[in-house]
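S.K.:
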Amino acid sequence: MSDLSRPPYPIALIDREPQHDLALLRITEYRPPRPLKLEFDRSALRENTNLMTYEYGTTRREGNRIMLNPATRMGHMTRRLGRGDGLEQIGVEEAIELSFPALRGASGAPVMINEPTMYSLLGKESLGVVAVVIANAAYHLAPAQIEEVINADNTSYGETRFMLPQGLAVSVDHIRDKYELALS
């Protein structure tokens, strides 16, 4: 939670793509001690790679201030998706499927490798952002298990348990040019 007595940091628009709901902003007076870096090495991301993301679904507005309140999600990459997997419906050629859902407000959240040991073996100094959350997979709340339950009075009813939808993320490659522009 930020200090409400401090004036907000000014921001500058670097670039935007309204068709993809993407904006890249520079916070002009704030430099974090260890900023996240984008990781363009596709070999670092394999099936079952442990991942984490910071989502801002609980961000709220108070007056003219935006209060960032990130939520951390952890899971792994379940598989890569490409042509024939229904991605054309959302205008994407390839994506990765996450083992956790993309909750409301998660679009644009950074997806990072959550394996410090492996990352240090690759010679990296800090966790890198490998993808960006875009949506949930098309099979929302798929029934996972249906059970018949018998009550004490010997009546029965069906109980359905649902599987949470899996999130989708796209590689950071599509924002490489904007990232390099931001660093210039």
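Numbering (my numbering), first residue to last: 26 to 209.
All C-beta atoms, glycine included, are put in the ideal place defined by N, C-alpha and C.
As the structure is a prediction and not an experimental result, all values here were calculated from the model.
Around the C-beta of P43, are 16 or more other C-beta atoms found within 10 angstroms, so that it is buried, or is it exposed?
M.R.: The sequence position of residue 43 within the sequence shown is 18, counting from 1. It is exposed - the Cβ of P43 has fewer than 16 other Cβ atoms within 10 Å.
S.K.: Any idea what DSSP makes of D110, helix, strand or coil?
M.R.: Position 85 of the sequence shown holds residue 110. Note: D110 maps to coil in three-state DSSP.
S.K.: Would S27 be called buried (16 or more neighbouring beta carbons within 10 Å of its own) or exposed?
M.R.: The residue given as residue 27 occupies position 2 in the sequence shown. Note that S27 has pLDDT 48, beneath the 50 cutoff, so the model's placement of it is unreliable and no number is given.
S.K.: Going by DSSP, name the residue or residues bridged to N75.
M.R.: Here residue 75 refers to the residue found at position 50 when the sequence shown is read from its first residue. According to DSSP, which records beta bridges pairwise, N75 is partnered with H101.
S.K.: Note down the Cα distance separating R98 from L189, rounded to an integer number of angstroms.
M.R.: Along the sequence shown, read from residue 1 onward, the residue named residue 98 stands at position 73. Along the sequence shown, read from residue 1 onward, the residue named residue 189 stands at position 164. Those two C-alpha atoms are separated by around 14 Å.
S.K.: For V197, I'd like the list of residues in its chain whose CB is within less than 8 Å of its CB, leaving aside the five on either flank, ordered along the chain.
M.R.: To locate residue 197, count along the sequence shown from 1; it is residue 172. Closer than 8 Å at Cβ, skipping near neighbours: L63, E64, F65, V154, V155, A156, V157, Y204.
S.K.: Is the CB-CB distance between G192 and A127 below 7 Å?
M.R.: Looking up residue 192 in the sequence shown gives position 167. Looking up residue 127 in the sequence shown gives position 102. Cβ distance < 7 Å, so G192 and A127 count as in contact.
S.K.: Three-state secondary structure (DSSP) at A127?
M.R.: One-based indexing of the sequence shown puts residue 127 at position 102. Coil.
S.K.: Please classify V195: does DSSP put it in a helix, a strand, or coil?
M.R.: Position 170 of the sequence shown, counted from the start, is the residue given in the question as residue 195. In the structure shown, V195 sits in a strand (DSSP, three-state: E or B).
S.K.: Is the Cβ-Cβ distance between E172 and S181 less than 7 Å?
M.R.: Position 147 of the sequence shown holds residue 172. Position 156 of the sequence shown holds residue 181. No.
S.K.: Of the choices R51, T78, I52, whose alpha-carbon is the least far from that of E140?
M.R.: The sequence position of residue 140 within the sequence shown is 115, counting from 1. For E140, the nearest C-alpha among the options comes from T78.
S.K.: For P33, I'd like the list of residues in its chain whose CB is within less than 7 Å of its CB, leaving aside the five on either flank, ordered along the chain.
M.R.: Within the sequence shown, the letter at position 8 stands for residue 33. R90, listed in sequence order.
S.K.: Which residues bound the beta strand (DSSP E) around A20?
M.R.: Residue coverage of the chain in this structure runs from 26 to 209, which leaves residue 20 outside it and unanswerable.
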